[in-house]
Structures are given as structure tokens and as C-alpha cells.
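Since the structure comes first, as C-alpha cells, the remarks are kept for the end.
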Amino acid sequence: MELLEILKCSEGYAGQNRNIPPEWKARAQKLCWEYNQTAPDQGERRAAILQELLGTCHPLTFIEPSFHCDYGFNIHTHGLAVINYNCVILDTSPVHIGAGAFIVPGVCLSCAGHSIDPHQRSEGISTSQPITLEEDVWIGANAVICGGVTIGKGTVIGAGSVVTRDIPAGVVAAGTPCRPIRPVTEKDRILPENMKF
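Count the sequence shown with our numbering and you get residues 3 to 199, in order.
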């Protein structure tokens, strides 16, 4: 299997970082830099950069600068995706972001890891596993989503959480490590009479 196929594969892997062509990351860094320099009124330019950077970019993908990723080609948005300020996606494996995703400031989605063994780690041995956010997921501020995690449809991840394992659909989950706290229910709906505008 070719190196690019391994990085794009839905299975996790371990490998030698030094074998990855540096131009792959350099391309993403350049495009992220260009994106982060755009003015707020340059929506068309931002959209064009995202189309070039991301592997799959739905037209309703909105990312606020500053945004950083490893490669870009492994990030796939599948509908409305609102990604707020200071998001980092380490896409050493595929990252699938379902329709209706809200990712708020300071979130890190990290497929990348390193060998636990200190000698291997210093030699550049790394690991990677994909991340999937199903439809209508909301990730709270400064949360970290680790590699190998799937977050189920309609789930809310609380601010500051560290998600190290799969979280089921339709729950509010929080903590370090993140765990389901309760289901999302009709009681969570904001009543029309409580809306101020």
C-alpha cells in the first residue's frame, strides 16, 4: 500500500514520521497561512482556499481564522459545518465532520499520537487513528477529541472535555475523560416565549 493510501485509510496505523514527504505538510501550512490572512469580508477567497485545502469541502463549511491542520486532504465536511476560532485538526488520518456540526473556539481534533515507548518516540515513531463526528454534533470550547473516536449523532460535548473513546448518539457528555452524563431530551428545547429576538 502506498504511503498516501495508508494516511487516507479508515484504519489506524503506526509509522515513521520522517518517511512522510515534507511538502505535504508545507502545502497545508501555506494554505492555512493564506486563509488566516484573509479579511472578514473575503468570503469567496476563503471558500476557494478551503476547496483547495480540504479533501471534501461542503459549500456550507465556515471556518473562522485562526485555523491549522496537518495535511488538509484528510478533512471531509459533509454538510453545514461551523468551525469557530483557533481550531486545530491534526488530520494524519481521515476526519469526517457530519452535517450540522458546530465546533466552537479552541477545539483540537487530533488523529495523531506518538509511541508510548520513549526511545521510539524520540526516533519519530507515530500513531494515527481516524475521527468521525456524526450529524448535528456540537463540540464545546477547548475540548480535545483524540484519534479513534466517533461521536454519535446529535451529541453535545461539554467545554474542556477530553474525548478518548466513542460517545453514543443523543447525549450530553463531558469530563476528562469524557463520558455521557444524560440524554438530550425535549426539555432541552428553548421555548418560543423564552426567545428575546
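From the three backbone atoms N, C-alpha and C, an ideal C-beta is built for every residue, glycine too. As the structure is a computational prediction, the values presented were derived from the model and not from experiment.
Pull up the CB-CB distance for residue i and residue j, whole angstroms please, since I reckon it's below 8 Å.
i	j	result
arginine 123	serine 117	5 Å
glycine 14	glycine 149	7 Å
asparagine 86	proline 107	5 Å
isoleucine 159	isoleucine 141	5 Å
Give the secondary structure of residue i by DSSP, where H, G and I count as helix, E and B as strand, and everything else as coil.
i	result
glutamine 18	strand
isoleucine 51	helix
leucine 193	coil
alanine 28	helix
Are residue i and residue j close, meaning C-beta to C-beta below 9 Å?
i	j	result
cysteine 110	threonine 79	no
glycine 162	alanine 175	no
alanine 171	glutamate 136	yes
isoleucine 51	isoleucine 77	no
valine 165	isoleucine 183	no
proline 151	isoleucine 169	Inspection of the sequence shows that residue 151 is occupied by valine rather than by proline. Yes, they are a contact pair.
leucine 55	cysteine 89	no
aspartate 93	aspartate 72	yes
isoleucine 91	valine 84	no
glycine 74	lysine 10	no
tyrosine 37	isoleucine 8	no
When burial is assigned at 16 or more other CB atoms within 10 Å of the CB, is residue i buried or exposed?
i	result
serine 12	exposed
phenylalanine 69	buried
arginine 48	buried
threonine 134	buried
glycine 45	exposed
alanine 41	exposed
aspartate 43	exposed
alanine 30	buried
isoleucine 192	exposed
aspartate 138	buried
proline 23	exposed
threonine 63	buried
alanine 103	buried
Could you tell me which whole alpha helix (DSSP H) segments of length 4 or greater appear in the region 33-96? Whole alpha helix (DSSP H) segments, 4+ residues: 45-55.
What are the complete alpha helix (DSSP H) segments, minimum 4 residues, inside the region 100-160? The alpha helix (DSSP H) runs of length 4 or more contained entirely in the region 100-160 are, from start to end of the chain, 120-124.
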